[in-house]
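Visitor: Residue 134 is where the sequence shown starts when you use the numbering used here, and the numbers rise one by one after that.
Please find one structure pasted underneath; my questions will follow.
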Amino acid sequence: MTPLEIRPVAVIGQTPTRAHFQTGLMRIGIIGSNGDILELAQESPRRRRMTKAMHSTARHRLPEEVRALWVVRTSMVSPRSIERVVEYAARYGFNALFVQVRGRGDAYYRSSYEPRAEALADQPDDFDPLGYLLRCADGAGVQVHAWLNVFYVWSQPRKPRSGQHVVSRSPNWIARDAQNRYQMTTAGKVEGVYLCPSNPNVRAHLLKVFAEVAQRYPEIDGLHLDYVRYPYDGYCYCAGCRARFREAMRERVSETRRAQLDKSVAGRNPLAWIQAFPAEWSDWRRDQVSAFVGAFSRQSRRINPNLILSAAVWPDPQAAAKQKLQDWLYWLRSDWLDTVLPMAYDKDTAVVQRQAARVVEQAQGRPVIVGVGAWQVSPDSTVNKIRAIRRSGARGFCLFSYDAITQEGKSDAYLRAVEREVNPYPFG
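Right, here's the structure in full:
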């Protein structure tokens with residue numbers, strides 16, 4: 134055991150509990166005794182060198198060319214569906230799977246923190262989708278990355294059946310718009326229920342969830358973040374955000390101005406501070422997401438320096454930072470992530486090629502794996518996009534999604550049609 138490894142304190146043969154994992158996290162300084170995330174101090178030069186070395190180790194574990202599939206949780210619901218995922222990936226030349234194991238604040242793996250996914254209700258209680266997929270993939274030449282939706286946690290009109298689901302258990306963690314509203318399902322720019330990225334309890338919970346995955350499944354190749362952003366720049370205006378933003382700004386304004394703004398808030402204008410400092414408000418929210426990614430990276434590298442850390446991101450980094458408050462280019466250049474997967478889902482191959490080339494250039498030598506919206510185009514169009522991505526100098530490609538193009542494992546016709554381009558040199 135290395136000094137950076139979390140080892141749950143448990144009796145041999147006993148299933149680790151939430152308390153065991155929290156004890157491990159406290160030992161390495163990720164959370165405090167009250168369960169809150171600890172804000173790490175400025176890293177020392179020695180710590181920066183260690184972090185860079187860990188990052189280099191993980192990055193070099195990427196295949197020379199990544200040929201990947203995103204696998205949505207609907208293909209993680211039975212042993213047979215999981216076997217088919219690995220079978221098709223290996224047969225048709227793919228060497229990496231990004232497998233969704235946390236889709237809507239639930240678990241397609243053994244978790245002490247989040248409820249078992251409702252879609253697994255017909256399976257035996259001891260069925261572990263992620264564990265089973267890892268066993269199937271062992272020796273198949275296919276990497277497995279645990280795909281984790283971060284702040285996006287629900288998308289149905291009804292509430293979760295489990296009272297332990299974060300939406301039911303902690304409704305005060307839910308992100309809200311300027312009218313203090315949230316929505317349960319997709320409408321307009323919002324996909325459903327998001328958690329508030331600035332809430333320290335939200336961040337502490339997510340870090341514990343993600344640490345548990347890395348610790349319980351040491352054989353996984355990577356952790357892959359998705360929805361690590363706000364739904365759009367019109368979120369989150371919850372009471373906690375407003376109070377924390379005021380606290381961040383209070384020393385930057387005069388006592389007189391502070392009193393004026395506080396009087397406006399008391400006079401039924403809860404957004405007074407935000408309206409007074411709109412640019413700072415955007416920067417502050419952007420920084421909340423970045424703070425979480427930085428903490429996630431440091432934690433993950435302590436648990437397992439060999440983990441490949443990645444995120445699915447909007448393809449234009451400037452638009453992502455402005456519209457989604459997702460400053461992923463900063464995360465990549467800070468070596469918090471080993472690679473990013475820009476979702477270049479445009480149907481037009483020329484647009485995909487331009488996006489891929491631009492991201493590769495801005496990544497400054499760091500690996501980029503370009504996402505392809507295969508579900509909405511023909512196999513021929515996907516082949517053309519793979520060729521364009523290769524010309525861009527990207528490290529590889531990832532098709533979205535296995536489930537759509539195989540009809541959830543019922544047909545391999547699409548994969549057969551793109552096989553020759555996916556892996557043109559199967560023996561070398």
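Just so it is clear, CB atoms sit at the ideal spot from N, CA and C, and this is done for glycine as well.
All values derive from a computational prediction rather than experimental measurement.
Closest to Tyr558 by CA distance: which of Ile538, Glu198, Gly427 is it?
Guide: Selected option, being the one with the closest Cα: Glu198.
Visitor: For Lys570 and Glu380, what's the separation of their Cα atoms in angstroms?
Guide: Nothing about residue 570 can be reported from this structure: the residues present for the chain run from 134 to 561 only.
Visitor: In whole angstroms, what separates the C-alpha of Leu267 from that of Ser430?
Guide: Cα to Cα, Leu267 sits roughly 23 Å from Ser430.
Visitor: Would DSSP call Val275 helix, strand or coil?
Guide: In the structure shown, Val275 sits in coil (DSSP, three-state: anything other than H, G, I, E or B).
Visitor: Thinking just about the alpha-carbon of each residue, which of Thr539, Pro304, Met476, Arg553 is nearest to the one in Thr207?
Guide: Nearest C-alpha to Thr207: Thr539.
Visitor: Given 8 Å as the limit, tell me if Val446 has its C-beta closer than that to any heavy atom belonging to the ligand FMN.
Guide: The ligand FMN is not part of the structure shown, which contains no ligands of any sort.
Visitor: Could you please give the first and the last residue of the uninterrupted alpha helix (DSSP H) stretch that includes His338?
Guide: Its alpha helix (DSSP H) spans residues 333-349.
Visitor: For a test of the three-state rule: what should DSSP assign to Gln233, helix, strand or coil?
Guide: Looking at Gln233 - three-state DSSP - the assignment turns out to be strand.
Visitor: Write down every uninterrupted run of the alpha helix (DSSP H) in the stretch 371-442 whose length is 4 residues or greater and which is fully enclosed by it, in chain order.
Guide: Counting only runs of 4 or more, we get 372-382, 388-399, 405-409, 411-436.
Visitor: Look up Pro475 in the DSSP assignment and give the residues it is bridged to.
Guide: Pro475 is bridged to Val446.
Visitor: Using DSSP with H/G/I as helix, E/B as strand and the rest coil, what is Cys269?
Guide: In this structure, Cys269 counts as helix in the three-state DSSP scheme.
Visitor: Cβ of Val615 within 9 Å of Cβ of Val493?
Guide: In the structure as shown, the chain begins at 134 and stops at 561. Residue 615 is therefore absent and cannot be evaluated.
Visitor: Would you mind reading off the limits of the beta strand (DSSP E) that contains Tyr285?
Guide: Its beta strand (DSSP E) spans residues 285-287.
Visitor: How is Val355 classed by DSSP in three states: helix, strand or coil?
Guide: A quick correction: the sequence has Gly, not Val, at residue 355. If DSSP states are grouped into helix, strand and coil, Gly355 belongs with the strands.
Visitor: Quick check: the stretch 344-353 against the stretch 312-319, are there 3 or more CB pairs under 8 Å?
Guide: At 8 Å Cβ cutoff, the stretches do not touch.
Visitor: Check whether the stretch 299-316 and the stretch 253-269 touch, using three or more Cβ-Cβ pairs below 8 Å as the test.
Guide: No: fewer than three Cβ pairs fall under 8 Å.
Visitor: Does the beta-carbon distance from Ala261 to Tyr242 come in below 9 Å?
Guide: For the sequence presented, residue 261 should be read as Asp rather than Ala. Yes.
Visitor: Quick one, are the C-beta atoms of Leu404 and Ala279 less than 9 Å apart?
Guide: No, the pair does not count as a contact, with Cβ atoms beyond the cut-off.
Visitor: Have a look at Leu195, Arg192, Ala222 and flag the residue whose alpha-carbon is nearest the alpha-carbon of Gly542.
Guide: The shortest Cα separation from Gly542 among Leu195, Arg192, Ala222 belongs to Ala222.
Visitor: Which residue or residues does DSSP assign as beta-bridge partners of Trp203?
Guide: Its beta-bridge partners are Phe231.
Visitor: Could you tell me the alpha carbon to alpha carbon distance between Met476 and Trp469, rounded to whole angstroms?
Guide: Spanning the two alpha carbons is a distance of roughly 19 Å.
Visitor: May I have the straight-line CA-CA distance separating Asp545 from Trp406, to the nearest angstrom?
Guide: Each residue's Cα considered, the two are about 56 Å apart.
Visitor: Check whether the Cβ atoms of Ala521 and Ala489 lie closer than 9 Å to each other.
Guide: In this structure, Ala489 lies closer than 9 Å to Ala521 by Cβ.
Visitor: With DSSP as the reference, identify every bridge partner of Asn282, one or two as the case may be.
Guide: Answer by DSSP bridge pairing, in chain order: Asp359.
Visitor: Please classify Gln459 as buried or exposed, where buried requires at least 16 other C-beta atoms within 10 Å of its C-beta.
Guide: Buried is the call here.
Visitor: Anyone know if the C-beta pair for Val473 and Ala507 falls short of 9 Å?
Guide: Against a cut-off of 9 Å, the Cβ pair of Ala507 and Val473 comes out as no contact.
Visitor: Could you tell me the boundaries of the alpha helix (DSSP H) in which Val555 lies?
Guide: Run containing Val555: 546-555, per the alpha helix (DSSP H) assignment.
Visitor: For Pro351, tell me which candidate among Arg418, Val446, Leu440, Arg314 has the shortest Cα-Cα distance.
Guide: Comparing Cα-Cα distances from Pro351 to each of Arg418, Val446, Leu440, Arg314, the minimum goes to Leu440.
Visitor: When DSSP labels each residue in this structure, what does Val210 get in the three-state scheme?
Guide: Coil.
Visitor: Considering Val484, what are the terminal residues of the alpha helix (DSSP H) in which it resides?
Guide: Where Val484 is concerned, the enclosing alpha helix (DSSP H) stretches over 482-495.
Visitor: For Arg194 and Arg391, I'd like the C-alpha separation in whole angstroms.
Guide: Cα to Cα, Arg194 sits roughly 52 Å from Arg391.
Visitor: Identify which residue in Ser397, Gly400, Leu328 has its Cα closest to the Cα of Tyr370.
Guide: Of the listed residues, the one whose Cα sits closest to Tyr370 is Leu328.
Visitor: Determine the DSSP secondary structure at Arg194, reduced to helix, strand or coil.
Guide: Coil, per DSSP.
Visitor: Could you have a look at Val505 and say whether DSSP puts it in helix, strand or coil?
Guide: Val505: strand per DSSP, three-state reduction.
Visitor: I need the boundaries of the alpha helix (DSSP H) containing Arg465, first residue and last residue.
Guide: Note that residue 465 corresponds to Leu in the displayed sequence, not to Arg. Taken as a continuous stretch (DSSP letters only), the alpha helix (DSSP H) holding Leu465 covers 461-466.
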